[in-house]
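Residue numbering for the sequence shown follows full-length UniProt numbering, starting at 1 and increasing by one per position.
Backbone N, C-alpha and C define an ideal beta-carbon position, used for all residues, glycine too.
Since the model is a prediction, treat every value here as computed from it, not as a measurement.
Inspection log for the structure reproduced underneath, given as structure tokens.
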Amino acid sequence: MGPPGAAAVKRGWSDGACADMVLAGDLWLSVKARGAPPATAAGKLPPSSSRCNGQGEGEGQGEGEGRRGARECCVRCGFSCPPPRDVLLQYSEEALVHGVHYFTKQEISCAERLLWMAAVAVCAVFAVVFMHIAWVKFMAAPITTTVKTTFYPLYRLPFAAVTVCPATNVRRTVAEELLMQHLGERRPDETLQRQMWHVMAVLSKLQHPFFHTVDAHLEAAAPLVPRLQTLNISDFMLKVLPPCEDVFERCFWQGSEVSCCEEFRLQRYDGGLCYSFNSLTSDEKNGCDTQVYDSSAAAVNESDGCLLRHNTACGTASGLEVYLRHFPQEDSLGDGQRLGQGHRVLVHQPDDFPEEGSSIFVPQQRLGLALAGMVKVSPSLTESSAEVRALQPAVRGCLFADERRLLVSRQYSLQSCLLECRLRHLAAQCGCLPYFFAGLPLPNVSECAFAQIACLSKHSADLRFYRPPERMRGVEGRLRERIWQRLVDRGIDCSHCLPTCHDSTYDLEADVTTDNKLTSSNTTYLDIFYKDLYAVKYGRELSFGETELLVSFGGIASLFLGVSVLSGFELLYYLCKLCAALVCGGRGRVAPRRTPMRVAARAAAAAKLWGAPLATSPWGSGAPAQPTPAAAAAAAGRCAESR
Numbered sequence: 001m002g003p004p005g006a007a008a009v010k011r012g013w014s015d016g017a018c019a020d021m022v023l024a025g026d027l028w029l030s031v032k033a034r035g036a037p038p039a040t041a042a043g044k045l046p047p048s049s050s051r052c053n054g055q056g057e058g059e060g061q062g063e064g065e066g067r068r069g070a071r072e073c074c075v076r077c078g079f080s081c082p083p084p085r086d087v088l089l090q091y092s093e094e095a096l097v098h099g100v101h102y103f104t105k106q107e108i109s110c111a112e113r114l115l116w117m118a119a120v121a122v123c124a125v126f127a128v129v130f131m132h133i134a135w136v137k138f139m140a141a142p143i144t145t146t147v148k149t150t151f152y153p154l155y156r157l158p159f160a161a162v163t164v165c166p167a168t169n170v171r172r173t174v175a176e177e178l179l180m181q182h183l184g185e186r187r188p189d190e191t192l193q194r195q196m197w198h199v200m201a202v203l204s205k206l207q208h209p210f211f212h213t214v215d216a217h218l219e220a221a222a223p224l225v226p227r228l229q230t231l232n233i234s235d236f237m238l239k240v241l242p243p244c245e246d247v248f249e250r251c252f253w254q255g256s257e258v259s260c261c262e263e264f265r266l267q268r269y270d271g272g273l274c275y276s277f278n279s280l281t282s283d284e285k286n287g288c289d290t291q292v293y294d295s296s297a298a299a300v301n302e303s304d305g306c307l308l309r310h311n312t313a314c315g316t317a318s319g320l321e322v323y324l325r326h327f328p329q330e331d332s333l334g335d336g337q338r339l340g341q342g343h344r345v346l347v348h349q350p351d352d353f354p355e356e357g358s359s360i361f362v363p364q365q366r367l368g369l370a371l372a373g374m375v376k377v378s379p380s381l382t383e384s385s386a387e388v389r390a391l392q393p394a395v396r397g398c399l400f401a402d403e404r405r406l407l408v409s410r411q412y413s414l415q416s417c418l419l420e421c422r423l424r425h426l427a428a429q430c431g432c433l434p435y436f437f438a439g440l441p442l443p444n445v446s447e448c449a450f451a452q453i454a455c456l457s458k459h460s461a462d463l464r465f466y467r468p469p470e471r472m473r474g475v476e477g478r479l480r481e482r483i484w485q486r487l488v489d490r491g492i493d494c495s496h497c498l499p500t501c502h503d504s505t506y507d508l509e510a511d512v513t514t515d516n517k518l519t520s521s522n523t524t525y526l527d528i529f530y531k532d533l534y535a536v537k538y539g540r541e542l543s544f545g546e547t548e549l550l551v552s553f554g555g556i557a558s559l560f561l562g563v564s565v566l567s568g569f570e571l572l573y574y575l576c577k578l579c580a581a582l583v584c585g586g587r588g589r590v591a592p593r594r595t596p597m598r599v600a601a602r603a604a605a606a607a608k609l610w611g612a613p614l615a616t617s618p619w620g621s622g623a624p625a626q627p628t629p630a631a632a633a634a635a636a637g638r639c640a641e642s643r
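This is the structure in structure tokens:
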């Protein structure tokens, strides 16, 4: 004989009291079978399971075949099919999120529930606010520079490039002969000689950022300007430049003598024509694609013309030693050249063009004594991580060597980019380029003729200043509008030139002393070497990357809500259960939640109404008494008779 509830359901009773008695009978049998208050016994659905489908009493007959089939499929697959409301209540009771289980707790008052709801809501708001702050910080992607090591081996760095520029860059005797040939003069008078001297002075001083110093010489040489229109200035300057053999006496690399003219190659930059050692921007190596700062590079094969010199030692006479020759006085232009007799020495990065601001002038003599110059080099390296490379250049504020190509050099660097920016500005304003970069492949731009040098002088001031980026206008009140306007009016726009992400710098300590028996009366000794045995390596990394963002989100969620990744999995699990309940449970009226306490209370009231005897509650003395199975069956019978 089946339980009373099963018979009642089969008869389709819809009366509330009878249904409660049926539920009571089912519940009692469940308790006997399992010793606990579950809704089913032995894994079977209760006889009144029609309510779990959202149907009211007696409405199971009108249920659609499709929805019934979905429910039966869920049952066959072993899935329970509670109403959506029961799923939500179950999540509230079992959720790992702190405070949520108080929302439906029966033992507390409504005011306490509201208090807990408000507390959880406030904590959730604070969590969202702080997560937004973390997200903004992540999107800003600030980059920090930290010291990686102070013992970076020197052999992983190329030795510094050394550029030597003779102050006498126009030999007067050679230049006079070439000018007389061009002018068709054989015996120039004193006036013509003076005018030719001014022409030579113009070409000698045509150096950035000193273009403006040629104005007086241009005015004095004005009578010769029409006759110099066809003068090829670049060819003229190459011929009057002192040849390599006249500049260098002897050269030593790491204590071994080397050929000076094989190590020093012609170097063009906006300061004129010079000779460079270990430079990728020289005429010979400007086509090389060598990655200078590849920390994974192995041994260097120095027979390859594109590979650079490396050094592993420090101290005097361990690097590059050069004996520079003195020039005869008759070749000097005197006041017609920017500096006196001597040499300009520029130490720079191998992939950079020389920068006039870092030059060191070593005079030929001082008080009749020959001089010796020593330059101590302290290298440092900065490398950017892969996370930095993943950012946009505008965000990270730097460029990698392979991200942009230049016309002046195949190796991108900040100085090369600024040089090209200045040349493009001159080409736009004057329609020509100075002789030292006349071969730059710009459309409709040729070498400046002698008459166009005045235009270069006119725009000399523009080349010395750079406009700040427009986005920096008025930042934090540091730039007032008036100052800003002056900067914009005077400078040129080179905001597209960014530093290199992999960069190397060489800090210099220069000292020029009198002869210490290393030199003779007609040479100047120059010693360039590493100051220390190791270099300093810096690293540019994201201060707040994806890992830091995840940790920040997790910490905020745990602090304010006490949740974790498993809490998210739990929420997903209950969402799936809710969707399943909506699919297989129908959209009819949702039955009230059948907790043991609620079912027992209603069953006790129904038993009292029909006069059925009560049994002791299996859930303790605090719960209402339950009818016995016999009483439940009797009540069901009376219910049937009354109908």
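Secondary structure at L183: helix, using DSSP grouped into helix, strand and coil. Boundaries of the alpha helix (DSSP H) around R396: P393 to R396.
Counting along the chain, Y102 sits inside no beta strand (DSSP E), nor does DSSP assign it H or E at all. Bounds of any alpha helix (DSSP H) do not take in V258; it lies within the beta strand (DSSP E) bounded by S256 to V258. For R490, same chain residues with a beta-carbon under 6 Å away, outside a window of 5 residues either side, are F465 in chain order. C288 and R410 have their C-alpha atoms roughly 7 Å apart. When DSSP reads this structure, L508 sits in a beta bridge with V377. For V122, the uninterrupted alpha helix (DSSP H) run begins and ends at C110 to A140, by DSSP. Between the C-alpha atoms of S384 and Y538 there is a straight-line separation of about 9 Å. By the neighbour-count criterion, in which 16 or more other beta carbons inside 10 Å mark a residue as buried, L399 falls on the buried side. In summary, G555 is exposed, with fewer than 16 beta-carbon neighbours lying within 10 Å of its beta-carbon over all protein chains present.
Between Q337 and A167, the C-beta spacing is below 8 Å.
For Y91, the enclosing alpha helix (DSSP H) stretches over residues P84 to E94. Below 8 Å, too few C-beta pairs join the stretch 361-376 and the stretch 269-277 to call them touching: fewer than three. By the Cβ-count criterion, L369 is exposed, with fewer than 16 other Cβ atoms from all chains shown falling within 10 Å of its own Cβ. Bounds of any beta strand (DSSP E) do not take in G431, whose DSSP letter is neither H nor E.
Here H343 carries a strand assignment [DSSP, helix/strand/coil]. By the C-beta criterion, the stretch 491-511 is judged not to be in contact with the stretch 114-134, since fewer than 3 inter-stretch pairs fall below 8 Å. By the neighbour-count definition (other C-beta atoms within 10 Å, threshold 16), D511 is an exposed residue.
By the neighbour-count criterion, in which a residue is buried when 16 or more other Cβ atoms sit within 10 angstroms of its Cβ, T145 is exposed. In the DSSP secondary-structure assignment, L273 is bridged to R268. Assigned with DSSP and collapsed to three states, S384 falls in strand.
Taking V199 as reference, the option from E245, R186 and E177 with the minimal CA-CA separation is E177. Distance from the CA of C576 to the CA of A394, rounded to the nearest whole angstrom, comes to 44 Å. With fewer than 16 other Cβ atoms from the protein chains shown falling within 10 Å of its own Cβ, F151 counts as exposed.
Setting aside the 5 residues that flank it on each side, P209 is surrounded in the same chain by E356, S460, L463 and R464, each with a C-beta closer than 8 Å to its C-beta; the list follows chain order. A check of alpha carbon separations from R404 across V170, H496 and E330 identifies H496 as the nearest.
Under a 10 Å Cβ-count criterion, M139 is classified as exposed, with fewer than 16 other Cβ atoms of the shown protein chains found around its own Cβ. Judged by their CB atoms, L157 and V375 are not nearer to each other than the 8 Å cut-off. Remark: C-beta atoms of R250 and L183 do not approach each other more closely than 8 Å. The residues F248 and C251, in chain order, have a CB closer than 6 Å to that of C260 in the same chain once the five nearest residues on each side in sequence are set aside. Around the beta carbon of P379, 16 or more other beta carbons sit within 10 angstroms, so the residue counts as buried. Between the stretch 429-436 and the stretch 226-245, the count of Cβ pairs shorter than 8 Å is three or higher; the stretches touch. Proximity to V122 across Q106, H212, L559 and L89 peaks at L559, based on C-alpha coordinates. Judged by DSSP in its simplified three-state form, D351 adopts coil rather than helix or strand. Around the CB of Q349, 16 or more other CB atoms lie within 10 Å, so the residue is classed as buried.
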